[in-house]
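Engineer: Starting off with a structure, shown below.
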Amino acid sequence: MNIQIWSCRFGSGHLSAARSLQSQIEKIRPFDQVVIKDLVELSFPKTHRLIYHSYQKLVVTGAKLVSYIYGDSPQRPMSDRPSPIERLLLLNVFEQLDDSLPDVAIATYSLATKALARYKQTYPDAFRLITCITDVEAHPGWINQETDLYLVACEATRQDLLRQGISDDKILVQGIPVRDILPADKTDSVYRILVTGGGLGLLPSSERFYRELDVSGAQVTVVCGKNDKLYRKLSRLQFSHIEVLGYCEHLGRLLSQADLIITKPGGVTTFEAITAGVPLLAFTPSLPQEQSNARFILTHQLGEVLPKEQVPDKVAEILQPDRLAHYRQNIDRFRSTLGSGGFDHYLRSRLCS
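Quick note: the sequence shown, position 238, residue 225 per this note's numbering, numbers continuous.
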């Protein structure tokens, strides 16, 4: 069976979810061909590097500008009149599908599911379409009647879909797919904090922020991701209790050793923390999808959400045994609401039906 996972590299979450799904499928269906396709790279083969680089610069410049330039098209509902960029994407995706039609197509990016759904409007039986929503909120850009199965983060996402006309038998509450992470396993009494801003390293740039963390009484690991400027700056400074890393492939191991993660509230990062059983101290976000993730953290009391400048002062308050235990109990309670093995069962028994 030919399975294609359509994603992108706007941030690291969409691609991370795609890789997690690829790994999960390959374990259960080892004889199937499972490939990840980058929607932007395939649509703009000569300029995709420039597009991704420009996006990264825009994100560093400011989330509001990103929302204005980038955020509107993915979040708009499907209509009979696609935008110019959507028409160009559709043309390229249709050519790719005509050349290599999958048995199953999975989308971890809203523009990808739009394009795949358009193809199915023309060829309804072409392939089975699975849409994996990589944030808590299901904005209208994710919604189409051509999707055969939705993989969603939580019960609130399911309710979003039901309100937008998706039938319940098409929805599977599984959490957002994340890499294999062992639950937190502490071997010492030292509190450990993981600070990460996602793949792009969207972290505070002020020296004061890190100086205050350095005297918090915890051992701190700062993962700068692809933010080379921040990595060079912090590497030149002298800290007593901070380890500075660049792009990190073993983030799951660091997370499993942490007592607290300080981060932006991306969908994948939030669910990696949930998987590891680690409370979150999230920066107050500007991007709409991260705002819904932040509300989710607060609603389920999985941690705190604060402006960046207030975060260091909050650390000592959170790093108390009773407070940490409270958050961990809430994380365990939320994890119990997720379906157990539902997508595995789908892959084993229903994918070929």
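Positions of the beta carbon are idealized from the N, C-alpha and C atoms, including for glycine.
Count the other CB atoms, across all protein chains shown, that sit within 10 Å of the CB of residue 56; report buried if there are 16 or more and exposed otherwise.
Structural biologist: For the purposes of this step, residue 56 is identified with residue 69 of the sequence shown, where counting begins at 1. Confidence in residue 56 is poor, its pLDDT being 45 and thus under 50, which makes the residue's placement unreliable; the coordinate value appears in the next sentence. Exposed, since its Cβ has fewer than 16 Cβ neighbours within 10 Å.
Engineer: Whole angstroms are fine: how far does the CA of residue -3 sit from the CA of residue 96?
Structural biologist: Taking the sequence shown and counting its residues from 1, one reaches residue 96 at position 109. Taking the sequence shown and counting its residues from 1, one reaches residue -3 at position 10. Distance between the alpha carbons of residue 96 and residue -3: 9 Å.
Engineer: What span of residues does the alpha helix (DSSP H) with residue 120 cover, start to end?
Structural biologist: Taking the first residue of the sequence shown as position 1, residue 120 is located at position 133. Where residue 120 is concerned, there is no enclosing alpha helix (DSSP H), given that its DSSP letter is neither H nor E.
Engineer: For the segment 254 to 316, which segments carrying the beta strand (DSSP E) assignment without a break, of at least 3 residues, lie completely within its bounds, in sequence order?
Structural biologist: Here the runs fully enclosed are 267 to 270 and 290 to 293.
Engineer: In whole angstroms, what separates the C-alpha of residue 75 from that of residue 216?
Structural biologist: Numbered from 1 along the sequence shown, position 88 holds the residue referred to as residue 75. Numbered from 1 along the sequence shown, position 229 holds the residue referred to as residue 216. Computed Cα separation, rounded: 34 Å.
Engineer: Opposite residue 203 in the DSSP bridges: which residues?
Structural biologist: Within the sequence shown, residue 203 is the residue found at index 216, counting from 1. DSSP, once it has assigned bridges, lists no residue as partnering residue 203.
Engineer: Could you tell me which uninterrupted alpha helix (DSSP H) segments, each at least 4 residues in length, are contained entirely in the segment 71 to 136, listed from first to last along the chain?
Structural biologist: Complete alpha helix (DSSP H) runs here, min 4: 71 to 86 and 97 to 109.
Engineer: Please say whether residue 148 and residue 158 have beta carbons closer to each other than 7 Å?
Structural biologist: As a first step, residue 158 is located in the sequence shown; it is residue number 171 there, counting from the start. As a first step, residue 148 is located in the sequence shown; it is residue number 161 there, counting from the start. Yes, the pair counts as a contact, with Cβ atoms nearer than the cut-off.
Engineer: Ends of the beta strand (DSSP E) at residue 181?
Structural biologist: Here the question's residue 181 lines up with position 194 in the sequence shown. From DSSP, the beta strand (DSSP E) with residue 181 extends over 179 to 183.
Engineer: Check the DSSP bridge columns for residue 21 and list the partner residues they point to.
Structural biologist: Against the sequence shown, residue 21 aligns to sequence position 34. Answer is -10, bridged to residue 21.
Engineer: If we count Cβ pairs, one from each stretch, closer than 8 Å, do we get three or more for the segment 218 to 233 versus the segment 189 to 198?
Structural biologist: Cβ pair count under 8 Å is three or more, so yes.
Engineer: Taking the C-alpha atoms as reference points, what is the distance between residue 279 and residue 4?
Structural biologist: Position 292 of the sequence shown, counting from 1, holds the residue named residue 279. Position 17 of the sequence shown, counting from 1, holds the residue named residue 4. The alpha-carbon atoms of residue 279 and residue 4 are separated by roughly 18 Å.
Engineer: From what residue to what residue does the beta strand (DSSP E) around residue 230 run?
Structural biologist: Working through the sequence shown from its first residue, we reach residue 230 at position 243. Start and end: 229 to 232.
Engineer: Could you spell out where the beta strand (DSSP E) holding residue 242 opens and where it closes?
Structural biologist: For the purposes of this step, residue 242 is identified with residue 255 of the sequence shown, where counting begins at 1. From DSSP, residue 242 is part of no beta strand (DSSP E) but of the alpha helix (DSSP H) over 238 to 243.
Engineer: CA-CA distance, residue 328 and residue 140?
Structural biologist: Start at 1 with the first residue of the sequence shown, and residue 328 comes out as number 341. Start at 1 with the first residue of the sequence shown, and residue 140 comes out as number 153. Using only the alpha carbons, I get a separation of about 14 Å.
Engineer: Please confirm if the segment 113 to 129 is in contact with the segment 292 to 300, defined as three or more CB-CB distances below 8 Å between the two stretches.
Structural biologist: Taking 8 Å as the limit for Cβ pairs, the verdict is that the segment 292 to 300 does not touch the segment 113 to 129.
Engineer: Which one of 144, 241 and 218 has the shortest CA to CA distance from residue 179?
Structural biologist: The residue you call residue 179 lines up with position 192 of the sequence shown. Checked all of 144, 241 and 218; the closest Cα to residue 179 is 241.
Engineer: Go to residue 15, then tell me how far its alpha helix (DSSP H) extends in each direction, as first and last residue.
Structural biologist: Numbered from 1 along the sequence shown, position 28 holds the residue referred to as residue 15. Per DSSP, residue 15 belongs to the alpha helix (DSSP H) from 0 to 15.
Engineer: Run through DSSP, which three-state label would residue 209 get?
Structural biologist: For this step, residue 209 is matched to residue 222 along the sequence shown. DSSP places residue 209 in strand when its eight states are reduced to three.
Engineer: Less than 7 Å between the beta carbons of residue 314 and residue 266, yes or no?
Structural biologist: Walking along the sequence shown from the start, residue 314 turns up at place 327. Walking along the sequence shown from the start, residue 266 turns up at place 279. Taking 7 Å as the Cβ cut-off, residue 314 and residue 266 qualify as a contacting pair.
Engineer: Among the candidates 109, 106, 100 and 105, whose CA atom is the shortest distance from the CA of residue 384?
Structural biologist: The structure shown does not extend to residue 384, since the chain spans only -12 to 340, so no value can be given for it.
Engineer: CA-CA distance, residue 130 and residue 221?
Structural biologist: Taking the sequence shown and counting its residues from 1, one reaches residue 130 at position 143. Taking the sequence shown and counting its residues from 1, one reaches residue 221 at position 234. Using only the alpha carbons, I get a separation of about 42 Å.
Engineer: Residues in its own chain within less than 6 Å of residue 58 by CB, not counting five upstream and five downstream?
Structural biologist: Walking along the sequence shown from the start, residue 58 turns up at place 71. Confidence in residue 58 is poor, its pLDDT being 47 and thus under 50, which makes the residue's placement too unreliable to answer from.
Engineer: Where does residue 89 land, buried or exposed, given buried means 16+ other C-beta within 10 angstroms?
Structural biologist: Within the sequence shown, residue 89 is the residue found at index 102, counting from 1. Buried.
Engineer: Shortest alpha-carbon distance to residue 207 belongs to which of 285, 182 and 322?
Structural biologist: In the sequence shown, the residue the question calls residue 207 occupies position 220. For the residues 285, 182 and 322, the minimum Cα distance to residue 207 belongs to 182.
Engineer: Using C-beta distances below 6 Å, list every residue in its chain close to residue 248, excluding the 5 sequence neighbours before and after it, in chain order.
Structural biologist: On the sequence shown, position 261 is the one that residue 248 refers to. Answer for residue 248: 181, 260, 265 and 267, listed in chain order.
Engineer: Which residues in the same chain as residue 257 place their Cβ atom closer than 6 Å to its Cβ, once the five residues preceding and following it in sequence are excluded?
Structural biologist: Translated into the one-based positions of the sequence shown, residue 257 becomes position 270. Once the five neighbours on either side are set aside, the close Cβ partners of residue 257 are 280.
Engineer: Quick check: the Cα distance between residue 26 and residue 322, rounded to an integer number of angstroms?
Structural biologist: Translated into the one-based positions of the sequence shown, residue 26 becomes position 39. Translated into the one-based positions of the sequence shown, residue 322 becomes position 335. Rounded to whole angstroms, residue 26 to residue 322 spans 32 Å at the Cα level.
Engineer: From what residue to what residue does the alpha helix (DSSP H) around residue 27 run?
Structural biologist: Taking the sequence shown and counting its residues from 1, the one referred to as residue 27 is at position 40. Start and end: 26 to 30.
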